[in-house]
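Each residue of the sequence shown is one higher than the one before, starting from 8 at the first, in the working numbering.
Every residue gets a Cβ at the ideal spot worked out from N, C-alpha and C, and that includes glycine.
Some notes on the structure that comes next.
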Amino acid sequence: MVSYDKPVTDVIRVRRSWRSYRPDPVGAHDKERMRSFLSGLDCPPFGSAVRIVLADAPGQGLGRVKGTYGVITGASTFLIGVLRPSEGGHEDFGYLFEAAVLAATSLGLGTCWMGGTFSRGFFADMAHLEEGEVIPAVSPVGIAADRRSAIDRIFVRTAGSRFRKPCSELFFTGSFASPWTGVDVGAYALPLEMVRLGPSASNRQPWRAVVRDGAVHFYLSRTAGYSLLFGEVDLQRIDMGIAMFHFEQTIRERGPAGSWKIADPGISPLPARTEYVVSWVP
């Protein structure tokens, strides 16, 4: 179980995506705390080979950061996530990378998930990428600027990341025919709310969950054509890993106990482009 200095629910609620940073470098103490956190990460739910590197970009810290197509300004330190693809690998990547992003948030540092708008070649050298590995996402880590840059403000407006779908569109009881009303999932209410608040690629919020017979079954609701945009990197499966981390970390801090299992309940019919992923079983 990951440990933060404050409840994970507080960290999730204050996290924001920042693309504009002060030129001040991240302090040595905070870097050491981040590296200690990364070295202590447990094996992810599906056991995939994931490593996360905290590295300083050479010659950065002023103006637009090379390797981010001008999206990030001022940052000089990055989290670089590396995956050796396998079954469940993208979910595991999202799970661990979100753990690292929230660790930086808990230290008062700004971050921003970047799954498409960065040069993988630029970050491959910094992460010492090996054959068979890919970099699904990176994040700047730094002191957020007092004012967002123009491009940052454009991203905030166009992504609509401050807006979340209502629980009734994301969570269900028994089957997809019965939307969650907010009063019938017991101890799962807060963990599911933390899922709802999670970041996702283009703010698509592809996670769905059905509470049934005491378990919570997670599904991916795919956006038509979205998986074709990023080749071997499946951003929406990464989003599912983010949802899994938010759910598990919240429930482990508060109970009840449980674990991840492949336990497809065979719910039918499923909505279009919806596929089973994993279940939380008490």
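Who pairs with residue i in a beta bridge, going by DSSP?
{"i": "I2", "result": "An answer regarding residue 2 cannot be provided, because it is not within the stretch 8 to 289 covered by the chain."}
{"i": "E282", "result": "L227"}
{"i": "T180", "result": "V218"}
{"i": "S266", "result": "V288"}
{"i": "V141", "result": "L90"}
{"i": "G149", "result": "G117"}
{"i": "P32", "result": "P32 pairs with nothing; no bridge assigned."}
{"i": "S186", "result": "Correcting the residue identity first, residue 186 is Pro in this sequence and not Ser. P186 pairs with F179."}
When we look at the beta-carbon of residue i and count the other beta-carbons within 10 Å, is it buried (16 or more) or exposed?
{"i": "S27", "result": "buried"}
{"i": "S207", "result": "buried"}
{"i": "R164", "result": "exposed"}
{"i": "D159", "result": "buried"}
{"i": "E282", "result": "exposed"}
{"i": "L103", "result": "buried"}
{"i": "I161", "result": "exposed"}
{"i": "R20", "result": "exposed"}
{"i": "S126", "result": "exposed"}
{"i": "R154", "result": "exposed"}
{"i": "D246", "result": "buried"}
{"i": "G181", "result": "exposed"}
Could you give the distance in angstroms between the alpha-carbon of residue i and the alpha-carbon of residue j?
{"i": "T16", "j": "T112", "result": "12 Å"}
{"i": "H224", "j": "L242", "result": "20 Å"}
{"i": "L204", "j": "C119", "result": "15 Å"}
{"i": "P143", "j": "F100", "result": "8 Å"}
{"i": "G74", "j": "G221", "result": "46 Å"}
{"i": "L227", "j": "R244", "result": "7 Å"}
{"i": "P278", "j": "A35", "result": "49 Å"}
{"i": "L177", "j": "R219", "result": "15 Å"}
{"i": "E140", "j": "M121", "result": "18 Å"}
{"i": "G265", "j": "S286", "result": "10 Å"}
{"i": "I150", "j": "C50", "result": "29 Å"}
{"i": "A231", "j": "R280", "result": "8 Å"}
{"i": "E94", "j": "S185", "result": "31 Å"}
{"i": "G189", "j": "A64", "result": "45 Å"}
{"i": "S55", "j": "V9", "result": "17 Å"}
{"i": "P263", "j": "G193", "result": "10 Å"}
{"i": "L290", "j": "D191", "result": "This structure cannot settle anything about residue 290, because the visible part of the chain is limited to 8 through 289."}
{"i": "D37", "j": "R91", "result": "28 Å"}
{"i": "V288", "j": "A216", "result": "13 Å"}
{"i": "V46", "j": "P276", "result": "In the sequence as presented, Val is not what sits at residue 46; that position holds Ser. For S46 and P276, the distance between alpha carbons rounds to 43 Å."}
For residue i and residue j, which I take to be in contact (beta-carbon distance under 8 Å), what is that distance rounded to the nearest angstrom?
{"i": "W214", "j": "A270", "result": "So it is not a contact: roughly 17 Å between Cβ atoms."}
{"i": "V108", "j": "S146", "result": "6 Å"}
{"i": "S156", "j": "T80", "result": "5 Å"}
{"i": "G273", "j": "E105", "result": "Incorrect: roughly 29 Å between the Cβ atoms, too far for contact."}
{"i": "Y11", "j": "A110", "result": "7 Å"}
{"i": "A62", "j": "V72", "result": "In fact, because the Cβ distance is near 13 Å, the residues do not count as touching under 8 Å."}
{"i": "P52", "j": "W267", "result": "4 Å"}
{"i": "A152", "j": "R22", "result": "Incorrect: roughly 16 Å between the Cβ atoms, too far for contact."}
query: Within the chosen definition, does the segment 73–89 reach the segment 124–132 through at least 3 CB pairs nearer than 8 Å?
result: yes
query: Below 8 Å, can you find three or more Cβ-Cβ pairs linking the segment 198–211 to the segment 254–271?
result: yes
message: Tell me whether the segment 25–43 and the segment 170–183 touch, counting them as touching only if at least three CB pairs, one residue from each stretch, are closer than 8 Å.
response: no
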